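Asks: Before we start, here is the structure in question, set down as structure tokens.
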């Protein structure tokens, strides 16, 4: 378990008042919006949205995941994943099937069309990487830092602290 830093234990005081541009949350928010704007035209050509792309990506990692496991992997609620999966099913990218042993669990599997989309989407990461203007090492380092930040903001049981 990693040690958490609280406002009371920080050694470097924060400048007051914090300007909007010095707020970490604002920088992450702006980067997220910019990233979605880069992805949108490419995903439009594939006929999917960014959240649908994330669901497909999670299935490309491991096909046959349940709605609950997908929700956990993507840090979303099951009630958010279900309509995404229904739209992907209507578009022919996935199928849904209840677990015969436990009807509460719905497994999601890629169709051939969903598998084929994986090959078509490989260029997305390359295109986004090219847009960053950063080296591969810098992108990897930034990704690791953002993942550490997210982990620091999540409770020990894996849930967001605000939830």
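In my numbering, the protein residues as written are 877 to 1039. Think of the CB as a built atom: it goes at the ideal place given N, C-alpha and C, for glycine as much as any other residue. Here the structure is a predicted model, which is why all the values come from computation and not from measurement.
Rounded to whole angstroms, how far is the Cβ of residue 987 from the Cβ of residue 970, which I believe are closer than 8 Å?
Replies: Their Cβ separation, rounded to whole angstroms, is 6 Å, which keeps residue 987 and residue 970 in contact under 8 Å.
Asks: I'd like the list of long-range same chain contacts for residue 903, defined as Cβ closer than 6 Å, with 5 residues on each side in sequence excluded.
Replies: Hits under 6 Å: none found.
Asks: Please classify residue 942 as buried or exposed, where buried requires at least 16 neighbouring CB atoms within 10 angstroms.
Replies: With 16 or more other Cβ atoms within 10 Å, it is buried.
Asks: Nearest to residue 912 by alpha carbon, out of 996, 929, 954 and 1024?
Replies: That would be 929, whose Cα lies nearest to the Cα of residue 912.
Asks: Rounded to the nearest angstrom, what separates residue 963 and residue 972 at their Cα positions?
Replies: So the alpha carbons of these two residues sit roughly 11 Å apart.
Asks: Where does residue 877 land, buried or exposed, given buried means 16+ other C-beta within 10 angstroms?
Replies: Caution applies to residue 877, whose pLDDT of 47 falls short of 50 and renders its modelled position unreliable; the model cannot decide the point.
Asks: Leaving out five residues on either side along the sequence, give the residues of the same chain with a beta carbon under 7 Å from the beta carbon of residue 914.
Replies: So the qualifying residues of the chain are 1004 and 1007.
Asks: For residue 931, is the classification buried or exposed, using 16 other Cβ atoms within 10 angstroms of its Cβ as the cut-off for buried?
Replies: Buried is the call here.
Asks: On the premise that residue 985 lies in contact with residue 936, defined as a C-beta separation below 8 Å, what is that separation, rounded to the nearest angstrom?
Replies: Not quite, the Cβ-Cβ distance comes to about 12 Å (not below 8 Å), so this is no contact.
Asks: Which runs of the beta strand (DSSP E), 3 residues or longer, sit entirely within the stretch 929-997?
Replies: With a minimum length of 3 residues, the continuous beta strand (DSSP E) runs that stay inside the stretch 929-997 are 970-975 and 978-986.
Asks: Taking the CB atoms as reference points, tell me whether residue 940 and residue 981 lie closer together than 8 Å.
Replies: The answer is no: Cβ separation not under 8 Å.
Asks: State the Cα-Cα distance for the pair residue 906 and residue 977, rounded to the nearest angstrom.
Replies: Answer to the nearest angstrom: the Cα atoms are 45 Å apart.
Asks: For residue 950 versus residue 934, is the C-beta distance shorter than 8 Å?
Replies: Their beta carbons are under 8 Å apart, which means residue 950 touches residue 934 by this criterion.
Asks: Hey, how far is the Cα of residue 956 from the Cα of residue 945?
Replies: Distance between the alpha carbons of residue 956 and residue 945 is about 13 Å.
Asks: Taking residue 938 and residue 947 to be in contact with their CB atoms under 8 Å, please state how far apart those CB atoms are, rounded to whole angstroms.
Replies: The Cβ separation is near 14 Å, so there is no contact.
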